[in-house]
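**Q** Quick one: this structure, given as structure tokens, is what I'll be asking you about.
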Amino acid sequence: MSSPQVPEDGQGSGDSGDPSGDLRSVLVTSVLSLEPLDEDLFRGRHYWVPTTQRLFGGQIVGQALVAAAKSVSEDIHVHSLHCYFVRAGDPKVPVLYQVERTRTGSSFSVRSVKAVQHGKPIFIFQASFQQTQPSPVQHQFSMPAVPPPEELLDHQALIDQYLRDPNLKEKYRVGLNRIAAQEVPIEIKLVNPPTLSQLQRMEPKQMFWVRARGYIGEGDIKMHCCVAAYISDYAFLGTALLPHQWKHKVHFMVSLDHSMWFHAPFRADHWMLYECESPWAGGSRGLVHGRLWRRDGVLAVSCAQEGVIRVKPRVSESKL
1 MSSPQVPEDG QGSGDSGDPS GDLRSVLVTS VLSLEPLDED LFRGRHYWVP TTQRLFGGQI
61 VGQALVAAAK SVSEDIHVHS LHCYFVRAGD PKVPVLYQVE RTRTGSSFSV RSVKAVQHGK
121 PIFIFQASFQ QTQPSPVQHQ FSMPAVPPPE ELLDHQALID QYLRDPNLKE KYRVGLNRIA
181 AQEVPIEIKL VNPPTLSQLQ RMEPKQMFWV RARGYIGEGD IKMHCCVAAY ISDYAFLGTA
241 LLPHQWKHKV HFMVSLDHSM WFHAPFRADH WMLYECESPW AGGSRGLVHG RLWRRDGVLA
301 VSCAQEGVIR VKPRVSESKL
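In UniProt numbering, the protein residues as written are 1 to 320.
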């Protein structure tokens, strides 16, 4: 899965760029390292399982992209993927990935992947790969102006700050402690984290800096795309719940589908800004859009997802 060099364009400032001073990312050595069983047949195992005890959707997307990328030549790269989650994944058994070489063209190639557990598909996936083709037709939106990650609290420090607030209710304290105990292989720094009082009037928007833990290196753009696929699903659908979380408690929330478009080379082990927003929710579903920005303002990836969101009203606590 080698490829052209990912540009060192200034986005690495303050990032994990020295392999001697950091461990190789577990996302590369474990999560996205598939076992080949036959031609176009692979087995993937699990590293992190959410508290829901369902497989993390980003892991399945990332592993499927790894499998698909192994069936194309080194000079073509993924430009889009589209997938559906059709059954809940079982964290107790590995996932088999079956690749179909749907089309191999001179400019574009399409690969289809089916993820299987217990003899049934849990996930279906298609990715399109393109040979690099320069074009004078270029434009992009502008990256939001936000503080750099070095000026923001990391996820653990932010949780600790919330836990020190004497007004924090016990049920939220338990939830924050549960989140803090999770060993997630990515780092997050929330932009403009809300105070406890602001949590009751939030818009369906959030931004956070994100990167893979550990070192990946600059040489393999295909692997960076696979890591970004893993990262893109983290806290994504929850954006649609932000205006409603104080009135409703989540009963059931899962992804239905997920799409990504890759625009420019990037390093997933360097800080990128994830800009998320939910333009609509209704019918027990929520829609979210996302953009991953490099530090130098280049739009690297766009994402979209729809998911099921079923809630229960929060029971008011007695004042007696």
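Using N, Cα and C, we set each Cβ at its ideal position, and we do this for glycine too.
Got a sec, what are the start and stop residues for the beta strand (DSSP E) Y274 sits in?
**A** Locating residue 274 in the sequence shown gives position 274, where the first residue counts as 1. Unbroken beta strand (DSSP E) run through Y274: M272 to G282.
**Q** Using the Cβ count rule (16 or more neighbours within 10 Å means buried), how would you classify D38?
**A** The residue given as residue 38 occupies position 38 in the sequence shown. Burial call: exposed.
**Q** Within 8 Å, do at least three Cβ pairs link the segment 76-96 to the segment 219-236?
**A** yes
**Q** Please classify T29: does DSSP put it in a helix, a strand, or coil?
**A** Working through the sequence shown from its first residue, we reach residue 29 at position 29. Note: T29 maps to helix in three-state DSSP.
**Q** Is DSSP giving L153 helix, strand or coil here?
**A** By one-based count along the sequence shown, residue 153 stands at place 153. Here L153 sits in coil by DSSP.
**Q** Consult DSSP for Q161 and reduce its assignment to one of helix, strand or coil.
**A** Within the sequence shown, numbered from 1, the residue matching residue 161 stands at position 161. DSSP places Q161 in helix when its eight states are reduced to three.
**Q** Hey, is the segment 81-96 in contact with the segment 132-148, meaning 3+ C-beta pairs nearer than 8 Å?
**A** no
**Q** Can you list, in chain order, the residues of its chain with a C-beta nearer than 8 Å to that of S71? Leave out the 5 residues immediately preceding and following it.
**A** Position 71 of the sequence shown, counted from the first residue, corresponds to residue 71. D40, V99, R101 and R111.
**Q** If you scan the segment 87-161 from start to end, which runs of the beta strand (DSSP E) of 3 or more residues do you find wholly inside it?
**A** 95-104, 108-117 and 120-131
**Q** Using DSSP bridges, identify the partner residues of D246.
**A** Numbered from 1 along the sequence shown, position 246 holds the residue referred to as residue 246. This sequence places Trp at residue 246; Asp is not what is there. According to DSSP, W246 bridges with nothing at all.
**Q** I'd like the span of the alpha helix (DSSP H) that includes V227, first residue to last.
**A** Counting from 1 along the sequence shown, the entry for residue 227 is found at position 227. Here the alpha helix (DSSP H) through V227 covers I221 to S232.
**Q** Tell me which same chain residues have a C-beta within less than 6 Å of the C-beta of H252, skipping the five on either side of it?
**A** The residue you call residue 252 lines up with position 252 of the sequence shown. Per the sequence shown, residue 252 should be read as Phe rather than His. If we look at F252 and ignore the five residues flanking it on each side, its Cβ neighbours are R310.
**Q** Taking S109 as the reference, give the member of D165, E277 and A127 with the closest Cα.
**A** Position 109 of the sequence shown, counted from the start, is the residue given in the question as residue 109. Comparing Cα-Cα distances from S109 to each of D165, E277 and A127, the minimum goes to A127.
**Q** Name the DSSP bridge partner or partners of P313?
**A** Position 313 of the sequence shown, counted from the first residue, corresponds to residue 313. P313 pairs with H248.
**Q** Roughly how many angstroms separate the alpha carbons of K319 and L256, rounded to a whole number?
**A** Position 319 of the sequence shown holds residue 319. Position 256 of the sequence shown holds residue 256. Note on K319: pLDDT 41, under 50, position unreliable in the model; no value is reported.
**Q** Taking all protein chains shown into account, decide if K312 is buried (16 or more other Cβ within 10 angstroms of its Cβ) or exposed.
**A** Within the sequence shown, numbered from 1, the residue matching residue 312 stands at position 312. Exposed.
**Q** In whole angstroms, give me the CA-to-CA distance for D22 and D269.
**A** Here residue 22 is taken as the residue at index 22 of the sequence shown, counted from 1. Here residue 269 is taken as the residue at index 269 of the sequence shown, counted from 1. Residue confidence for D22 is low, a pLDDT of 44 falling below 50, so the modelled location carries little weight and cannot support an answer.
**Q** Considering only C-alpha positions, which residue in the set P185, A229, G57 and K247 is nearest to V315?
**A** What you label residue 315 is simply residue 315 of the sequence shown in a count that begins at 1. For the residues P185, A229, G57 and K247, the minimum Cα distance to V315 belongs to K247.
**Q** L237 and G283 - do their beta-carbons sit closer together than 9 Å?
**A** Looking up residue 283 in the sequence shown gives position 283. Looking up residue 237 in the sequence shown gives position 237. Contact flag unset, no.
**Q** In three-state terms, what does DSSP make of L81?
**A** Working through the sequence shown from its first residue, we reach residue 81 at position 81. Residue state, collapsed to three classes: strand.
**Q** Taking C-alpha atoms, which residue in L163, Q133 and H263 lies nearest to G297?
**A** Your numbering for residue 297 matches position 297 in the sequence shown. Shortest Cα-Cα distance from G297 to any of L163, Q133 and H263 involves H263.
**Q** Does the segment 186-199 come within contact of the segment 149-158, defined as at least 3 CB pairs closer than 8 Å?
**A** At 8 Å Cβ cutoff, the stretches touch.
**Q** Quick one: Cα of Y274 to Cα of F266, how far?
**A** Position 274 of the sequence shown, counted from the first residue, corresponds to residue 274. Position 266 of the sequence shown, counted from the first residue, corresponds to residue 266. Taking the straight line joining both Cα atoms gives about 13 Å.
**Q** What residues in its chain sit with their C-beta under 6 Å from that of E187, if we drop five residues either side in the sequence?
**A** Locating residue 187 in the sequence shown gives position 187, where the first residue counts as 1. Closer than 6 Å at Cβ, skipping near neighbours: R211 and R213.
**Q** What residue from V61, W271 and A115 has the CA that sits closest to E151's CA?
**A** If you number the sequence shown from 1, residue 151 lands on position 151. For the residues V61, W271 and A115, the minimum Cα distance to E151 belongs to W271.
**Q** Determine the direct distance from the alpha carbon of P134 to that of K189, and round the result to whole angstroms.
**A** Sequence index remark: in the sequence shown, residue 189 carries index 189 (1-based). Sequence index remark: in the sequence shown, residue 134 carries index 134 (1-based). When rounded, the distance between both Cα atoms is 34 Å.
**Q** How should Q305 be labelled, buried or exposed, when 16 other C-beta atoms within 10 angstroms of its C-beta is the threshold for buried?
**A** On the sequence shown, residue 305 is found 305 positions in, with the first residue counted as 1. So Q305 ends up on the buried side.
**Q** For A67 and P243, I'd like the C-alpha separation in whole angstroms.
**A** Within the sequence shown, numbered from 1, the residue matching residue 67 stands at position 67. Within the sequence shown, numbered from 1, the residue matching residue 243 stands at position 243. When rounded, the distance between both Cα atoms is 37 Å.
**Q** Name the residue from G219, L241 and S302 whose alpha carbon lies nearest to the alpha carbon of H258.
**A** By one-based count along the sequence shown, residue 258 stands at place 258. It is S302 whose Cα lies nearest to the Cα of H258.
**Q** How is Q206 classed by DSSP in three states: helix, strand or coil?
**A** Here residue 206 refers to the residue found at position 206 when the sequence shown is read from its first residue. Note: Q206 maps to strand in three-state DSSP.
**Q** Apart from the five residues just before and just after G44, which ones in its own chain have a Cβ nearer than 7 Å to its Cβ?
**A** Walking along the sequence shown from the start, residue 44 turns up at place 44. Hits under 7 Å: L34, Q63, P94, V95 and Y97.
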